[in-house]
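*Asks:* Structure in structure tokens, see below.
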Amino acid sequence: MKIQCPDCGTSYDIKASVLGAEGRSVKCTRCASKWFVEPPADEDEDLVSFTEDEQPTEVPDPPEADSSKDEESWAEDEVEETGGAAEKAPDPVKKKPDEKAQKEEVDPPNPADIETLAKRPKISVNPNKFKRSKIAPIFNWLMRQNYRRVAGVIIFGVAVWTCFLFFVLRDNIVKQVPDLASLYEMIGMDVNLRGLEFRDLRIFSELQEGKQVLVVEGSIHNIHDDSTPVPAIRLSIRDNSTQEIYSWTVDPKTRLLQPLDETRFRTMLEDPPSEASTIQVWFVERGAKEIILE
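Next comes the structure, spelled out in structure tokens:
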């Protein structure tokens, strides 16, 4: 069966069975135009009438030479009956590849994707490919540098960061390791875990009822932004060799200080040791024997 493209005029020879009973859409390989081709009309009636008219009755068998001529004449009559379609028909030897090409050009009822038609595996895209390409130049640059230089820079950065944390987080560090408080004192840094500090300390002696009395007074200041409980105060008298001679503990009347608030304290010791040289004052937990403050 011959079909022709309505746009560019290219003609094709296809089998009628390819179109099916209802026809189908085909596509031109030259201009990619698509059109619908209906199946050919039933030719059985024409063939029957043709055979009835041409079949001889009661005619003896012709000789072999005449039979070939009759076949040629019959073929010529068939060409005239079909409207000269055989004149344009291609060589039967070359017809097979044309039929295969036409089958490939016919659109399938359910078209598949390009990978399936080409019989090739589908292409998978890796989303991390571009991320790796950005990291690779940096990694290559580091690999080309001197290993000792890179290691030195890393060690220096770690040391600076450690020192920074050692000074900024000293309160938390001393809470976990109290023995490090003396290390901070050696480098001149105070560690205040309680949030309280002594201010305006005064130490002097006076006579009361004919007796020598040692007086220690000052104030306790809250340096935190939260309310802070006030602990007890321990006082230690030491001689010239920093040996403790005498110590006592007092509990301030104020038990809780508001943020940035302060309270005063005063304590006296009758007949202090004559070898006393210095007095140390620090906070301790409450619970020791109390001395009434004046």
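Each residue of the sequence shown is one higher than the last, beginning at 1 in my numbering.
All residues carry an ideal CB built from backbone N, CA and C; glycine is no exception.
Quick caveat: nothing in here was measured; it's all calculated off a predicted structure.
When the distance is taken between beta carbons, is isoleucine 237 closer than 8 Å to isoleucine 245?
*Replies:* Yes, they are a contact pair.
*Asks:* Might you give, ordered along the chain, the residues of its own chain that have their beta carbon closer than 7 Å to the beta carbon of phenylalanine 36, omitting 5 neighbours on each side?
*Replies:* Correct list, in chain order: Gly23, Ser25.
*Asks:* Under 8 Å between the Cβ atoms of glutamate 270 and valine 213?
*Replies:* Yes. Within cutoff.
*Asks:* I'd like to know whether the C-beta atoms of serine 227 and glutamate 262 end up nearer to each other than 8 Å.
*Replies:* The answer is no: Cβ separation not under 8 Å.
*Asks:* Based on DSSP bridge pairs, tell me the residues matched to tryptophan 35.
*Replies:* Bridge partners of tryptophan 35: Val26.
*Asks:* Just the Cα atoms here: how many angstroms apart are alanine 32 and leucine 19?
*Replies:* If you take the alpha carbons of alanine 32 and leucine 19, they lie about 19 Å apart.
*Asks:* Closest by CA to arginine 194, which one among Pro40, Leu257, Ile279?
*Replies:* Checked all of Pro40, Leu257, Ile279; the closest Cα to arginine 194 is Leu257.
*Asks:* Mark threonine 267 as exposed unless 16 or more other C-beta atoms lie within 10 angstroms of its C-beta, in which case mark it buried.
*Replies:* Result: buried.
*Asks:* For proline 259, which of helix, strand or coil comes out of DSSP?
*Replies:* Coil at proline 259, not helix or strand.
*Asks:* Quick check: what's the CA-CA separation for proline 252 versus threonine 242?
*Replies:* Distance between the alpha carbons of proline 252 and threonine 242 is about 26 Å.
*Asks:* Are the CB atoms of phenylalanine 198 and valine 281 within a distance shorter than 8 Å?
*Replies:* Cβ distance < 8 Å, so valine 281 and phenylalanine 198 count as in contact.
*Asks:* By a C-beta neighbour count over all protein chains shown, 10 Å radius and 16 as the cutoff for buried, is arginine 148 buried or exposed?
*Replies:* So arginine 148 ends up on the exposed side.
*Asks:* Given this structure, state the Cα-to-Cα distance separating alanine 159 from aspartate 225, to the nearest angstrom.
*Replies:* Rounded to the nearest angstrom, the two C-alpha atoms are 32 Å apart.
*Asks:* Assuming phenylalanine 204 contacts valine 191 (C-beta within less than 8 Å), just tell me the rounded distance between them.
*Replies:* Incorrect: roughly 29 Å between the Cβ atoms, too far for contact.
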